[in-house]
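Sequential numbering of the sequence shown, starting at 31, is according to the working numbering. Glycine residues also receive a C-beta, built at the ideal position from the N, C-alpha and C atoms.
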Amino acid sequence: MGTDGRMLGDAVSSRARALVRLVTPIRRSQAAAAIIAVAVVALLGWSGLQVVAQSASGREVVVARVVGEIDPAVSQYVERVVTASEARGAEALVILLDTPGGLDVSMREIVQRLLGAPLPVIVMVGPSGARAASAGTFIVLAADVAVMAPGTTMGAAHPVAVEGGMVIPIDPVMMEKVTNDAVGYIRGLAIQRGRNAEWAERAVRESVVVGSSDALRTGVVEAVASDLDDALNQLDGRRVSGPWGDRPLRTRGAVIVEISPSLAELILAIVAQPAVAYLLCLIGLVLIGSEVFAATGGAAGLVGTICLVMALMGFNSLPVEKGAVAVIGLGVSLLVAELKAGGHGMLAVGGVIAIALGSWWLFPDSGPTIGGVPARLDPLFMIGAVGFLAVSTGLVVAKAIGTVGRPARTAMPLRGETGVAITALAPGGTVSVRGEAWSGRAIAGTMESGQAIRVTDRRGLTLIVEPVATGTEVVSAVPRSE
Numbered sequence: 031m032g033t034d035g036r037m038l039g040d041a042v043s044s045r046a047r048a049l050v051r052l053v054t055p056i057r058r059s060q061a062a063a064a065i066i067a068v069a070v071v072a073l074l075g076w077s078g079l080q081v082v083a084q085s086a087s088g089r090e091v092v093v094a095r096v097v098g099e100i101d102p103a104v105s106q107y108v109e110r111v112v113t114a115s116e117a118r119g120a121e122a123l124v125i126l127l128d129t130p131g132g133l134d135v136s137m138r139e140i141v142q143r144l145l146g147a148p149l150p151v152i153v154m155v156g157p158s159g160a161r162a163a164s165a166g167t168f169i170v171l172a173a174d175v176a177v178m179a180p181g182t183t184m185g186a187a188h189p190v191a192v193e194g195g196m197v198i199p200i201d202p203v204m205m206e207k208v209t210n211d212a213v214g215y216i217r218g219l220a221i222q223r224g225r226n227a228e229w230a231e232r233a234v235r236e237s238v239v240v241g242s243s244d245a246l247r248t249g250v251v252e253a254v255a256s257d258l259d260d261a262l263n264q265l266d267g268r269r270v271s272g273p274w275g276d277r278p279l280r281t282r283g284a285v286i287v288e289i290s291p292s293l294a295e296l297i298l299a300i301v302a303q304p305a306v307a308y309l310l311c312l313i314g315l316v317l318i319g320s321e322v323f324a325a326t327g328g329a330a331g332l333v334g335t336i337c338l339v340m341a342l343m344g345f346n347s348l349p350v351e352k353g354a355v356a357v358i359g360l361g362v363s364l365l366v367a368e369l370k371a372g373g374h375g376m377l378a379v380g381g382v383i384a385i386a387l388g389s390w391w392l393f394p395d396s397g398p399t400i401g402g403v404p405a406r407l408d409p410l411f412m413i414g415a416v417g418f419l420a421v422s423t424g425l426v427v428a429k430a431i432g433t434v435g436r437p438a439r440t441a442m443p444l445r446g447e448t449g450v451a452i453t454a455l456a457p458g459g460t461v462s463v464r465g466e467a468w469s470g471r472a473i474a475g476t477m478e479s480g481q482a483i484r485v486t487d488r489r490g491l492t493l494i495v496e497p498v499a500t501g502t503e504v505v506s507a508v509p510r511s512e
């Protein structure tokens with residue numbers, strides 16, 4: 031391992047040791063979560079390490095692989111790779127591309143970065159069997175040098191509107207505007223790079239597709255190469271011009287440095303999916319609410335916070351209405367308030383309505399995309415998620431007001447009953463009374479876990495308790511399984 035790798039390893043180790051020192055005084059449930067955090071820090075530190083193919087030449091060519099849909103994670107990856115290539119003083123950057131298309135906004139971010147790159151950018155559609163469809167066509171045409179492997183294709187760049195993974199109809203006038211915008215954009219790229227602008231326009235208007243041989247013959251790409259080494263050998267000596275000036279490429283015999291996506295970018299690729307971000311948001315809010323409603327020693331709150339942070343990462347990369355997130359948060363707060371109040375369901379109804387409205391408003395009609403990546407929630411998925419929350423909350427509220435389960439027992443007075451503090455009460459926590467776990471709150475001060483307690487009052491589903499002197503008989507201290 032090189033010096034950079036050892037330095038990174040030392041840094042990760044020191045961060046891990048610091049976190050472990052913090053874990054020592056924490057309760058075991060929190061310690062387990064902290065250990066997981068240490069592992070995540072280590073993975074974040076090691077992911078994205080550069081793999082260098084050693085060579086006698088002092089020149090470097092950086093290689094990045096873009097496989098799959100064009101999304102915010104890919105845009106972030108390309109941005110990082112371009113910056114790293116400049117920092118290394120690389121001769122050129124090669125992007126190996128295989129994509130079915132993707133989000134228009136992410137594609138345009140990548141194109142803008144390639145057009146302003148401080149070093150020559152070579153985009154190669156490969157390996158054999160790969161494609162640069164839809165948004166990928168724009169990326170290929172934005173490159174300083176375009177290469178295709180035998181058996182690859184590019185084209186089919188007509189805009190489409192997608193919802194829930196399905197192509198949906200769009201107003202003809204709007205479609206014409208979007209199509210003309212895409213045509214002007216792709217023609218401008220082709221003309222700027224000296225490529226076949228007529229074919230580029232047909233790729234948008236008629237969704238035509240071209241193979242590697244025809245692309246070379248019609249001036250869509252500059253070379254056809256069997257693999258990366260073949261491409262670098264063919265392009266050696268080819269003159270390119272840009273912010274770096276006008277000079278020949280020196281790619282033959284160069285060191286190949288491959289930069290892989292980092293763990294953060296891989297995670298972003300997952301959480302930037304609308305359905306995943308939405309689900310993480312709901313789970314995170316519910317878990318945080320559960321921590322407030324019935325103390326869990328911090329575990330639910332910690333996991334909920336992680337889910338919510340990941341959801342916000344995804345939302346930050348998607349066309350999201352920020353106000354809708356606030357409305358969903360309000361809805362979950364109403365559900366939690368209903369559970370704490372132990373009322374008759376009015377707050378729960380308001381919470382479900384707020385969550386449903388926020389979910390519907392969350393992803394606005396952002397217009398067509400270049401390719402097939404959905405930018406909206408599947409309505410059935412949204413209905414299922416909100417319905418699950420509604421049913422779950424309804425069951426809990428029904429039990430709390432004695433309409434299901436064991437009405438006689440739950441309705442019995444609890445004042446004066448004794449039990450045990452399951453968790454520390456500071457002042458809130460969890461207690462066991464009559465063999466059942468309740469949310470408890472100390473009437474004054476704090477109590478340690480295992481302390482005998484007596485119920486002095488009940489507020490909704492929260493028991494107000496006081497400490498019991500040592501030696502007092504405690505009834506049904508341990509929760510019974512039903």
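Where residue i falls, given that 16 or more other Cβ within 10 Å makes a residue buried
{"i": "Gln-142", "result": "exposed"}
{"i": "Glu-206", "result": "exposed"}
{"i": "Ile-140", "result": "buried"}
{"i": "Met-376", "result": "exposed"}
{"i": "Thr-113", "result": "exposed"}
{"i": "Leu-52", "result": "Legend: pLDDT at Leu-52 = 35, less than 50; position of this residue unreliable, value from coordinates given subsequently. Its Cβ having fewer than 16 others within 10 Å, Leu-52 is exposed."}
{"i": "Ala-378", "result": "buried"}
{"i": "Ala-86", "result": "Unreliable placement is indicated for Ala-86, whose pLDDT of 46 sits below 50; no coordinate value is reported for it."}
{"i": "Thr-2", "result": "Nothing can be reported for residue 2: it is not among the residues displayed for the chain, which extend from 31 to 512."}
{"i": "Ile-289", "result": "buried"}
{"i": "Gly-381", "result": "buried"}
{"i": "Ala-69", "result": "At Ala-69, the pLDDT of 48 sits below 50, so the modelled position is not reliable; the number obtained from the coordinates is stated separately. It counts as exposed."}
{"i": "Met-204", "result": "exposed"}
{"i": "Val-421", "result": "exposed"}
{"i": "Asp-134", "result": "buried"}
{"i": "Ala-356", "result": "exposed"}
{"i": "Ala-48", "result": "A caution first: Ala-48 carries a pLDDT of 40, below 50, which makes its placement in the model too unreliable to give a value."}
{"i": "Ser-389", "result": "buried"}
Nearest residue (CA-CA) to residue i, options the options
{"i": "Gly-314", "options": "Leu-364, Ala-467, Ala-212 and Met-340", "result": "Met-340"}
{"i": "Ala-472", "options": "Asp-257, Leu-493, Arg-161 and Leu-348", "result": "Leu-493"}
{"i": "Glu-466", "options": "Ile-452, Ala-420 and Phe-345", "result": "Ile-452"}
{"i": "Ala-210", "options": "Gly-224, Ala-230, Gln-222 and Asn-226", "result": "The sequence shown places Asn at residue 210, rather than the Ala named in the question. It is Ala-230."}
{"i": "Asp-101", "options": "Glu-368, Thr-129 and Ile-289", "result": "Thr-129"}
{"i": "Val-316", "options": "Leu-365, Thr-182, Val-379 and Gly-459", "result": "Leu-365"}
{"i": "Arg-488", "options": "Gly-475, Pro-497 and Ser-469", "result": "Ser-469"}
{"i": "Glu-99", "options": "Val-251, Gly-328, Phe-411 and Gly-131", "result": "Gly-131"}
{"i": "Ala-294", "options": "Gly-344, Ala-117 and Pro-157", "result": "Gly-344"}
{"i": "Thr-183", "options": "Val-240, Leu-145, Arg-277 and Leu-332", "result": "Val-240"}
{"i": "Ala-94", "options": "Met-154, Gly-119 and Val-357", "result": "Met-154"}
{"i": "Ile-9", "options": "Ile-125, Ile-336, Asp-260 and Leu-310", "result": "With the chain represented from 31 up to 512, any question about residue 9 goes unanswered, as that position is not in the structure."}
{"i": "Trp-274", "options": "Leu-145, Leu-312, Asn-346 and Ile-286", "result": "Leu-145"}
{"i": "Gly-328", "options": "Gly-459, Ala-179 and Ser-136", "result": "Gly-459"}
{"i": "Ile-336", "options": "Val-301, Ser-347 and Glu-351", "result": "Val-301"}
{"i": "Asp-257", "options": "Ala-160, Asp-408 and Phe-418", "result": "Ala-160"}
{"i": "Val-516", "options": "Val-355, Ala-384, Gly-156 and Asn-346", "result": "The structure shown does not extend to residue 516, since the chain is modelled only from 31 to 512, so the question has no answer here."}
{"i": "Ser-115", "options": "Arg-138, Ile-318, Leu-133 and Pro-148", "result": "Pro-148"}
{"i": "Gly-533", "options": "Asp-260, Glu-228, Arg-268 and Val-238", "result": "What is shown of the chain runs 31 to 512, which leaves residue 533 out entirely."}
{"i": "Leu-262", "options": "Leu-126, Leu-392, Ile-413 and Met-137", "result": "Leu-126"}
{"i": "Ala-384", "options": "Phe-393, Ala-354 and Pro-409", "result": "Ala-354"}
{"i": "Gly-513", "options": "Asp-408, Leu-444, Arg-138 and Arg-217", "result": "The shown model of the chain, from 31 to 512, leaves out residue 513, and the question about it has no answer."}
C-beta atoms of residue i and residue j nearer than 9 Å
{"i": "Val-151", "j": "Val-190", "result": "no"}
{"i": "Leu-298", "j": "Gln-481", "result": "no"}
{"i": "Glu-321", "j": "Ala-307", "result": "no"}
{"i": "Leu-171", "j": "Ala-212", "result": "no"}
{"i": "Ala-253", "j": "Val-177", "result": "yes"}
{"i": "Ala-165", "j": "Ala-187", "result": "yes"}
{"i": "Gly-449", "j": "Ile-483", "result": "yes"}
{"i": "Val-104", "j": "Val-92", "result": "no"}
{"i": "Met-477", "j": "Val-463", "result": "no"}
{"i": "Asp-266", "j": "Arg-277", "result": "no"}
{"i": "Gly-185", "j": "Ala-163", "result": "yes"}
{"i": "Pro-304", "j": "Leu-348", "result": "yes"}
{"i": "Arg-110", "j": "Gly-283", "result": "no"}
{"i": "Val-270", "j": "Arg-118", "result": "no"}
{"i": "Ala-179", "j": "Ala-255", "result": "yes"}
{"i": "Phe-393", "j": "Glu-351", "result": "yes"}
{"i": "Leu-419", "j": "Leu-312", "result": "yes"}
Sheet register partners of residue i (DSSP bridge)
{"i": "Thr-183", "result": "Arg-161 and Gly-241"}
{"i": "Asp-408", "result": "According to DSSP, Asp-408 bridges with nothing at all."}
{"i": "Asp-276", "result": "Ser-271"}
{"i": "Asp-259", "result": "Bridge partners of Asp-259: none, in fact."}
{"i": "Trp-468", "result": "Val-461"}
{"i": "Glu-121", "result": "Answer is none; Glu-121 lacks a bridge partner."}
Checklist entry - Taking the runs of the alpha helix (DSSP H) that are 4 residues or longer, which of them lie wholly in the stretch 123-163? => result Considered as a whole, the stretch 123-163 harbours 134-145 as its complete alpha helix (DSSP H) runs of no fewer than 4 residues, in chain order.
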